[in-house]
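Positions in the sequence shown are counted from 1; adding 47 to them yields our numbering.
Each residue gets a CB set at the ideal place from its N, CA and C atoms; glycine is no exception.
All of these numbers come straight from a predicted model, not from anything done at the bench.
As structure tokens, the structure follows; a few thoughts come after it.
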Amino acid sequence: MHSVVRVVPHENYQLEIEFNNGEVRFFDVYPYLSKGVFTQLREPGLFVRAYVAYDTVCWPGDLDIAPETLYSLSVPSDVSVAGH
Numbered sequence: 048m049h050s051v052v053r054v055v056p057h058e059n060y061q062l063e064i065e066f067n068n069g070e071v072r073f074f075d076v077y078p079y080l081s082k083g084v085f086t087q088l089r090e091p092g093l094f095v096r097a098y099v100a101y102d103t104v105c106w107p108g109d110l111d112i113a114p115e116t117l118y119s120l121s122v123p124s125d126v127s128v129a130g131h
């Protein structure tokens with residue numbers, strides 16, 4: 048299983064994520080911003096507070112995305128991520 052070891056929030060609701068295998072990937076949170084509890088992440092002040100805990104990306108307020116989802120739906124860092 049892939050575990051998150053580092054996260055850096057970027058503009059346009061992009062996360063730069065380093066996994067325990069050394070791979071760095073980009074995950075687009077934008078599609079989640081209209082779904083359930085993730086609507087809270089529309090607030091840029093909250094989105095940028097992403098941190099690593101329990102092997103995944105978390106935010107204050109008990110928000111997190113499963114590491115399997117982050118890995119499988121992310122793109123390698125050498126692939127351009129479209130802006131919104």
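message: Please report the straight-line C-alpha distance between proline 78 and phenylalanine 94, rounded to a whole angstrom.
response: Here residue 78 refers to the residue found at position 31 of the sequence shown. Here residue 94 refers to the residue found at position 47 of the sequence shown. If you take the alpha carbons of proline 78 and phenylalanine 94, they lie about 14 Å apart.
- prompt: Where do the N-terminal and C-terminal ends of the beta strand (DSSP E) with leucine 62 fall, by residue?
  reply: Translated into the one-based positions of the sequence shown, residue 62 becomes position 15. Note, leucine 62: beta strand (DSSP E), 61-66.
CB of serine 121 within 8 Å of CB of phenylalanine 85, strictly: Position 74 of the sequence shown, counted from the start, is the residue given in the question as residue 121. Position 38 of the sequence shown, counted from the start, is the residue given in the question as residue 85. Going by C-beta atoms, serine 121 is not nearer than 8 Å to phenylalanine 85.
message: If the criterion is Cβ atoms closer than 8 Å, does the pair glycine 108 and glutamine 87 meet it?
response: Numbered from 1 along the sequence shown, position 61 holds the residue referred to as residue 108. Numbered from 1 along the sequence shown, position 40 holds the residue referred to as residue 87. Their beta carbons are under 8 Å apart, which means glycine 108 touches glutamine 87 by this criterion.
- request: Report all residues from its chain with a CB closer than 7 Å to the CB of asparagine 67; omit the five preceding and five following residues, and keep chain order.
  value: To locate residue 67, count along the sequence shown from 1; it is residue 20. Around asparagine 67: His49, Ser50, Val52.
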